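Working notes, beginning with the structure itself.
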Amino acid sequence: MLSLSSLPSTIVPSLPSSPGGCATGGPRAQSSRQEVALFQTLQEALREIDLPETQDLPQGMSHSEMCICVLGSPLPYLSLLLEAGQRSPGDALLCLCPSWLSRSSSLLVHKAVTFDLGGRTYLSNFNPPRRVTYFLSSDPWAKEEMTRETDCPSGGSGALGQFWGNVLTTRVLLQKAKIHCPPTLALLLPPGQMRLEEGRTGGVEVVHLEMGAEEGMNSVRNKVDTFLESENMRGSERVVLRCSGGRFVGEATSPPVYLSRNSRDEVWAKVSYLLPQLLPGEAVLLEAYCSPLKPGPRVEDRTWEQYTDCRPQVPDLSFRLCAIVTRSPLDLPLLYKLVCRVGVSDDPLSHSHSLSQSLETTLLECGFTDPTMAKSLCRLALDTALSCLCVVMETESSMSAEQRGGAGAQTDMIGVDLLFTMDGSIIRPVILGLHPSLCLHSSFQERGMGMEGCDSGIEGWSRGTLLLTPLTRSQYYLMQGKTVLVVGAGGHSKKFIWKTAKQYKLKILLVDSDPAHFASQLVDHFLPLPDLPDHRRDDQHCSRICDWLLSSSLRPDGCVCFWDECVVLTSLVCDRLGLRGPPPQAIRIAKEKSRTHRHLLGLLKSTGTNLISVEQPSGQPDSLVEFGEDERRGRQQNGMVNMEGDSLRAMADFDRGDLFNEAMGKHDTTAPTSSSPSLSSSSSHSFGTFHPSAPLLSPSPSSYAVPCIHVESTLDLEKAASG
1 MLSLSSLPST IVPSLPSSPG GCATGGPRAQ SSRQEVALFQ TLQEALREID
51 LPETQDLPQG MSHSEMCICV LGSPLPYLSL LLEAGQRSPG DALLCLCPSW
101 LSRSSSLLVH KAVTFDLGGR TYLSNFNPPR RVTYFLSSDP WAKEEMTRET
151 DCPSGGSGAL GQFWGNVLTT RVLLQKAKIH CPPTLALLLP PGQMRLEEGR
201 TGGVEVVHLE MGAEEGMNSV RNKVDTFLES ENMRGSERVV LRCSGGRFVG
251 EATSPPVYLS RNSRDEVWAK VSYLLPQLLP GEAVLLEAYC SPLKPGPRVE
301 DRTWEQYTDC RPQVPDLSFR LCAIVTRSPL DLPLLYKLVC RVGVSDDPLS
351 HSHSLSQSLE TTLLECGFTD PTMAKSLCRL ALDTALSCLC VVMETESSMS
401 AEQRGGAGAQ TDMIGVDLLF TMDGSIIRPV ILGLHPSLCL HSSFQERGMG
451 MEGCDSGIEG WSRGTLLLTP LTRSQYYLMQ GKTVLVVGAG GHSKKFIWKT
501 AKQYKLKILL VDSDPAHFAS QLVDHFLPLP DLPDHRRDDQ HCSRICDWLL
551 SSSLRPDGCV CFWDECVVLT SLVCDRLGLR GPPPQAIRIA KEKSRTHRHL
601 LGLLKSTGTN LISVEQPSGQ PDSLVEFGED ERRGRQQNGM VNMEGDSLRA
651 MADFDRGDLF NEAMGKHDTT APTSSSPSLS SSSSHSFGTF HPSAPLLSPS
701 PSSYAVPCIH VESTLDLEKA ASG
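Position 81, counted from 1, in the sequence shown is what the UniProt record's numbering calls 81; the numbers after and before it change by one each time, with no gaps.
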């Protein structure tokens, strides 16, 4: 592998020393080598998907307060980082070494690879450091306890990764929820992280071992023989031997060994070899080999010409499924992607020795051509994967912050490895394990694979996204401790607002006309303003509210209202205090219909044009025809065009950029600007013009301006126009 210093500086950015940087010896040297290897992996991955290589960060580029940070290998979460770079440019960060971060009450980033529009990446140093608003980690740093004793939200932690990476723990919890797993005999050296009790849970039997007790080996041998002869093993010709827990989690997961069920001496020899090497909390697992679903019968439809071709015979294929399930902000499981890993049926399937394919295509190739059967299998896989995340969420809800690895740590995404097996004449899903990194990596290799072929056949299924929860939790985190001024408390229908504000840890300052309002006891500060409903005195109300804030030494970070009657007063307060909000003049125009109509008609008159609807003779939809001022006046005099149509058409086309810019005397300014001239000039040739995609997590600004459907009479509109 090339060293970082041997590559051109235009391709590989400089890697200056960071706080707590890696030295040249011992563990720090190993960390530095790991950092270089991960950087090279990132460049290879970017080249593979035709994206530019990482550059040094140009001067003058800005970023927001949001910071989604991934520590570790770029491969598992590359799709998340690229998508976040499109939605929030410069706010998706990849840290290749723990020394690039520091920890206080919050998690801080000093150095990272930032993801921007068009898949561009930059190596950035931050001074002052950026505060992480959402954190994820993957191998080789998945076990690092970066979020412990911090308030940073995270989609996992070292403790949770160790917990769910334990195959035995996962299978016991899934069996308690009646989710099928391979029949398993676990020889556990207690105590474990869950302190699993000895006994049987569904198809999983746990046997406790005693340290240094040689006389107990005979009973263990009897347990192994009994398991091999049990009813659960009669459908399996092979058994799988692996270790679980402790050192055998994550990258160090022991590779499975496949043995013949009839070779009992060989099985016992392997088991007896592993038992003395166990540490407390580790186990030897002996499980039944679950045969994947076999292809169904197929009809030979080749012609004589095809028989003459020397084509190789297609081998029988088998498949397993990888389902990626995300947790929504409302704690609901959502399916993000479902792909199949296809391989030769003679060999056990693995992530690294199989190809990605959609479930619909796989079922067709396996002979399951009945659409009803395909829909049923899609639904079965979906329900099973969603149930697994429900088990995870329910288990973590009973954990303490210490057990989860931090106050903000929770599992927001899982990868479910499952396959279909035949139990007599019934097809059953069997869960092999929860492997989020492997499933994410596998699903990214074939972009576009997923539920595209099954969405029309599954009614009511919900497509999740990797970014919904990270962005939402980041916003919650940024809002913590903020002070919000609320004008108008509303009635009991708004009661949920005050409960939600406590969950967000907001400090609420409330202004309302009712001194005995129930919300006055649920907020931090309350100002009774009896004449608040008299909105003719909004300017006076604004002065009184600002004086109250000044005398109480209160500095709100924002001002909102939940009543339409209070929007003008709220805009006045925002304008007086310098808070973000629409200007009062615009709010007054939008709130009163007469002012809205007068303003829109004024825009039309200033341009000298009129847009009306003309009915097509062939019954086609109406088209827009532009008329000059003289012809428009003539049509109005003849009664062919009324003002109601003018008003509605103006409101429908109010957001037309050419009409608005022409009316305001402005030219088209849609070309993007950049704070860095060098970046603008270079990117225009290499990458073209980049525009942020439309927001998917929040309504577009135009959705807040809803035109009224009620149409006044012509006389009312003429009076409004005349002023």
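Even glycine gets a Cβ: it sits at the ideal position worked out from N, Cα and C.
It should be emphasised that the depicted structure is a prediction, and the values quoted were computed from it without experimental measurement.
Checklist entry - What's the gap between the Cα of G343 and the Cα of S318? => result Stepping through the sequence shown from its first residue, residue 343 is reached at position 343. Stepping through the sequence shown from its first residue, residue 318 is reached at position 318. C-alpha of G343 to C-alpha of S318: approximately 6 Å in a straight line.
ask   = Could you give the residue range of the alpha helix (DSSP H) that holds R171?
value = The residue you call residue 171 lines up with position 171 of the sequence shown. Per DSSP, the unbroken alpha helix (DSSP H) holding R171 starts and ends at 167-176.
Exercise. Let me know if Q616 comes out buried or exposed under the rule of 16 or more other beta-carbons within 10 Å of its beta-carbon.
Key: For this step, residue 616 is matched to residue 616 along the sequence shown. Model confidence at Q616 stands at a pLDDT of 45, short of 50, so the residue's coordinates are unreliable and nothing is read from them.
Report task. Can you tell me the Cβ-Cβ gap for T411 and E396, rounded? I've got them flagged as a contact below 8 Å. Result -> Within the sequence shown, numbered from 1, the residue matching residue 411 stands at position 411. Within the sequence shown, numbered from 1, the residue matching residue 396 stands at position 396. Contact between T411 and E396 holds: CB atoms are separated by about 6 Å, below the 8 Å threshold.
Original post:
Taking P515 as the reference, which of S154, A489, E237 has the closest Cα?
Top reply: Numbered from its first residue, the sequence shown carries residue 515 at position 515. Out of S154, A489, E237, A489 has the C-alpha closest to the C-alpha of P515.
### Query
Using the beta-carbon count (16 or more within 10 Å), is D547 buried or exposed?
On the sequence shown, residue 547 is found 547 positions in, with the first residue counted as 1. By the neighbour-count rule (16 or more Cβ atoms within 10 Å), D547 is not buried but exposed.
Restricting to Cα atoms, I'd like to know which of T361, N222, C390, S244 is closest to D265. One-based indexing of the sequence shown puts residue 265 at position 265. Closest by C-alpha distance to D265, out of T361, N222, C390, S244, is N222.
Out of curiosity, what's the CA-to-CA distance linking C542 and S513? For this step, residue 542 is matched to residue 542 along the sequence shown. For this step, residue 513 is matched to residue 513 along the sequence shown. Linking C542 to S513 through their CA atoms gives a straight-line distance of about 14 Å.
Q | Option nearest C439 by Cα separation, candidates P584, E65, L75 | A | The residue labelled residue 439 in the question sits at position 439 within the sequence shown. The residue among P584, E65, L75 with its C-alpha nearest the C-alpha of C439 is L75.
Legend entry - Rounded separation between L286 and L434 - CA only: Within the sequence shown, residue 286 is the residue found at index 286, counting from 1. Within the sequence shown, residue 434 is the residue found at index 434, counting from 1. Between L286 and L434, the C-alpha separation is close to 18 Å.
From Q277, V267, A586, T465, residue whose alpha carbon lies closest to that of L569 = As a working note, residue 569 is residue 569 in the sequence shown. Checking every option, the nearest Cα to that of L569 belongs to A586.
Notebook entry, point to check: Tell me which same chain residues have a C-beta within less than 7 Å of the C-beta of I414, skipping the five on either side of it?
Noted result: Taking the first residue of the sequence shown as 1, we reach residue 414 at position 414. So the list reads V325, C388, L389, V392, L434, P436, once near-sequence residues are dropped.
Checklist entry - In the DSSP assignment, what are the bridge partners of N125? => result As a position in the sequence shown, residue 125 is number 125, starting the count at 1. According to DSSP, N125 bridges with K111.
### Task
Below 8 Å CB to CB, which residues in the same chain sit around R580 once its five sequence neighbours on both sides are set aside?
Position 580 of the sequence shown, counted from the first residue, corresponds to residue 580. Residues G558, C574 of the same chain have their beta carbon placed closer than 8 Å to that of R580, with the five preceding and five following residues left out of the count.
* With a 10 Å radius around its C-beta and 16 neighbouring C-beta atoms as the bar for buried, classify residue 754 as buried or exposed. => Outside the displayed range of the chain (1 to 723) lies residue 754, so it cannot be described from this structure.
Beta-carbon proximity list for P292, same chain, < 8 Å, skipping 5 on both sides
Locating residue 292 in the sequence shown gives position 292, where the first residue counts as 1. Listed in chain order, the non-local C-beta contacts of P292 below 8 Å within the same chain comprise S318, F319, R320, S345, L349, L419, F420, T421, local neighbours out to five positions each way being set aside.
Worksheet entry | Buried or exposed by the 16-neighbour rule on C-beta atoms within 10 Å, applied to H441 | Counting from 1 along the sequence shown, the entry for residue 441 is found at position 441. Per the 10 Å Cβ criterion, buried.
When the distance is taken between beta carbons, is V224 closer than 8 Å to V267?
Position 267 of the sequence shown holds residue 267. Position 224 of the sequence shown holds residue 224. Here V267 is near V224, since their CB atoms are less than 8 Å apart.
**Prompt:** For L438, does the three-state DSSP call read helix, strand or coil?
**Reply:** On the sequence shown, position 438 is the one that residue 438 refers to. It is helical.
Alpha-carbon spacing of D139 relative to S73, whole angstroms: As a first step, residue 139 must be located in the sequence shown, where it is residue number 139. As a first step, residue 73 must be located in the sequence shown, where it is residue number 73. Rounded to the nearest angstrom, the two C-alpha atoms are 6 Å apart.
Tell me whether the beta-carbon of G408 lies closer than 8 Å to the beta-carbon of P153. In the sequence shown, the residue the question calls residue 408 occupies position 408. In the sequence shown, the residue the question calls residue 153 occupies position 153. The answer is yes: Cβ separation under 8 Å.
- request: Check the DSSP bridge columns for Y134 and list the partner residues they point to.
  value: Here residue 134 is taken as the residue at index 134 of the sequence shown, counted from 1. Partner(s): I68.
Query raised in the report: Is A288 helix, strand or coil when you go by DSSP?
Result: Indexing the sequence shown from 1 puts residue 288 at position 288. In the structure shown, A288 adopts extended strand secondary structure according to DSSP, grouped into three states.
Q. For E65, which residues of its own chain have a beta-carbon under 8 Å away from its beta-carbon, when the five flanking residues on both sides are left out?
A. Here residue 65 refers to the residue found at position 65 of the sequence shown. Once the five neighbours on either side are set aside, the close Cβ partners of E65 are R131, T133, L478.
Checklist line | 4-residue-minimum alpha helix (DSSP H) runs that sit fully inside the region 460-499, ordered along the chain | finding: Counting only runs of 4 or more, we get 468-479.
C-alpha gap between S104 and L71, whole angstroms: If you number the sequence shown from 1, residue 104 lands on position 104. If you number the sequence shown from 1, residue 71 lands on position 71. C-alpha separation (whole angstroms): 17 Å.
(request) State the Cα-Cα distance for the pair L136 and N166, rounded to the nearest angstrom. (result) Position 136 of the sequence shown holds residue 136. Position 166 of the sequence shown holds residue 166. Near 19 Å, if we compare the C-alpha coordinates of N166 and L136.
query: Going by Cα to Cα distance, which pick from P470, V207, D316, P333 is closest to L188?
result: Locating residue 188 in the sequence shown gives position 188, counting from the first residue. Comparing Cα-Cα distances from L188 to each of P470, V207, D316, P333, the minimum goes to V207.
### Query
Would DSSP call A142 helix, strand or coil?
Along the sequence shown, read from residue 1 onward, the residue named residue 142 stands at position 142. The answer is coil: DSSP assigns A142 none of H, G, I, E or B.
Query raised in the report: Residues in its own chain within less than 6 Å of P530 by CB, not counting five upstream and five downstream?
Result: Numbered from 1 along the sequence shown, position 530 holds the residue referred to as residue 530. Apart from sequence neighbours up to five positions away, the residues of its chain that approach P530 with a beta-carbon distance below 6 Å are S513, ordered along the chain.
Exercise for review: Go ahead and label F496 buried or exposed: buried means 16 or more other beta carbons lie within 10 angstroms of its beta carbon, across all protein chains shown.
Suggested key: As a first step, residue 496 is located in the sequence shown; it is residue number 496 there, counting from the start. F496 comes out exposed.
On the three-state DSSP scale, how would you describe G562? Residue numbering aside, residue 562 sits at position 562 when the sequence shown is read from its first letter. Looking at the sequence shown, residue 562 is not Gly but Phe. In the three-state scheme derived from DSSP, where H, G and I count as helix and E and B as strand, F562 is classed as coil.
Exercise. Do P583 and S571 have their C-beta atoms closer together than 8 Å?
Worked result: Looking up residue 583 in the sequence shown gives position 583. Looking up residue 571 in the sequence shown gives position 571. Their beta carbons are under 8 Å apart, which means P583 touches S571 by this criterion.
Given this structure, state the Cα-to-Cα distance separating A186 from E144, to the nearest angstrom. Mapped onto the sequence shown, residue 186 falls at position 186. Mapped onto the sequence shown, residue 144 falls at position 144. Their backbone Cα atoms lie some 28 Å apart in a straight line.
Boundaries (first-last residue) of the beta strand (DSSP E) holding K337: Locating residue 337 in the sequence shown gives position 337, counting from the first residue. That run of the beta strand (DSSP E) goes 333-344.
**Study point:** L334 burial status per 10 Å Cβ neighbour count (16 or more: buried)
**Key:** Within the sequence shown, numbered from 1, the residue matching residue 334 stands at position 334. Label assigned to L334: buried.
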